[in-house]
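Taking it in order: structure first as structure tokens, then the write-up.
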Amino acid sequence: MKIGIMGGTFDPIHLGHLATAEAVREIFVLDEILFIPAARPPHKSAKPVTDSRHRLAMTTLATQSNRFFRVSDIELKRTGLSYTLDTMNELHATFGATTDLFFIIGADSLADLSKWHAARELVTKSHFIATTRPGVDVNFSAVEKFFGAPATEHIHLTTTPGLEISSTDIRDKVRRRRSIKYLVPDAVEDYIRREGLYL
Ligand code: ATP
Ligand code: MG
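Numbering (our numbering), first residue to last: 70 to 268.
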């Protein structure tokens, strides 16, 4: 089995996340994509995020229509800061040695990968798929220099359609009473309105 892991704050989940996950699933012939909302991502720990109950609900609504998409609450059930290493170990324990894990990250995050907690262990024991937009250059030699041979084998670069959407922009639009149609799935838009999020 090959499982793609799409981690994020998903505050809220948007079509950029979904389109990227679907493109990566096809390109790498993954059996499923597991969306894992983060409890409190280490790099955003200073910034408040929306209650995990809402982020989990929106992620579930957004992924419902794709039979290859599933949602996991493993990071939300954990207390304290959530590290990808803990998630990886938990998933390896659940799925067993015959399943390969592919962490999907934006190419902007690739530049920071060496600073992640236990970065070398993560790259050795799992795969990373760094997605970049057409025309965006990635400095892969710096990554290879840090990780050595495992980088070449376990870090994959791919180009997916560039959707200029970010959760920050969506939150901002809601606050300013602007439309977020076609940026998030309809069910997510409805949920945001119904629950009065981001106002
Ligand atoms: P924020 O604006 O709050 O930072 P975000 O839109 O970047 O939110 P995150 O939940 O932080 O969303 O992102 C989760 C993952 O999805 C990250 O790996 C990020 O690089 C990737 N990602 C975010 N937006 C897009 C997009 N439009 N296209 C492709 N990947 C994206
Ligand atoms: Mg982000």
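The beta-carbon is built from N, C-alpha and C at its ideal position, and this holds for glycine as well.
Endpoints, the beta strand (DSSP E) within which residue i is located
i	result
Arg139	138 to 140
Gly165	Unbroken run through Gly165: none, as it is neither H nor E.
Ile249	Run containing Ile249: none; DSSP gives neither H nor E here.
Leu226	224 to 228
Within 7 Å, strictly: CB atoms of residue i and residue j
i	j	result
Leu160	Leu150	no
Gly73	Val93	yes
Gly85	Ile234	yes
Phe79	Ile102	no
Leu252	His123	no
Val257	His223	no
Val212	Ala220	yes
Pro254	Ala131	yes
Pro203	Thr228	yes
Ala107	Gly76	yes
Phe172	Val140	no
Ala199	Leu232	no
Phe215	Ser183	yes
Tyr267	Met127	no
Leu154	His196	no
Boundaries (first-last residue) of the alpha helix (DSSP H) holding residue i
i	result
Lys214	209 to 216
Ile239	236 to 244
Glu144	143 to 146
Thr89	84 to 96
The ligand ATP heavy atom lying under 6 Å from the CB of residue i
i	result
Phe197	no
Ser121	no
Ile261	no
Leu232	yes
Phe79	yes
Thr89	yes
His223	no
Ser178	yes
Thr237	yes
His86	yes
Residues that residue i bridges to, as DSSP identifies them
i	result
His196	Phe171
Leu130	For Leu130, which the question treats as bridged, DSSP gives no partner whatsoever.
Met75	Phe104, Ile173
Ala201	In the sequence on display, residue 201 carries Thr and not Ala. Note: Thr201 sits in a beta bridge opposite Thr228.
Val253	Lys250
Contact test: residue i Cβ vs the ligand GDP heavy atom, cutoff 6 Å
i	result
Phe172	No copy of the ligand GDP occurs in the structure displayed; its ligands are the ligand ATP and the ligand MG alone.
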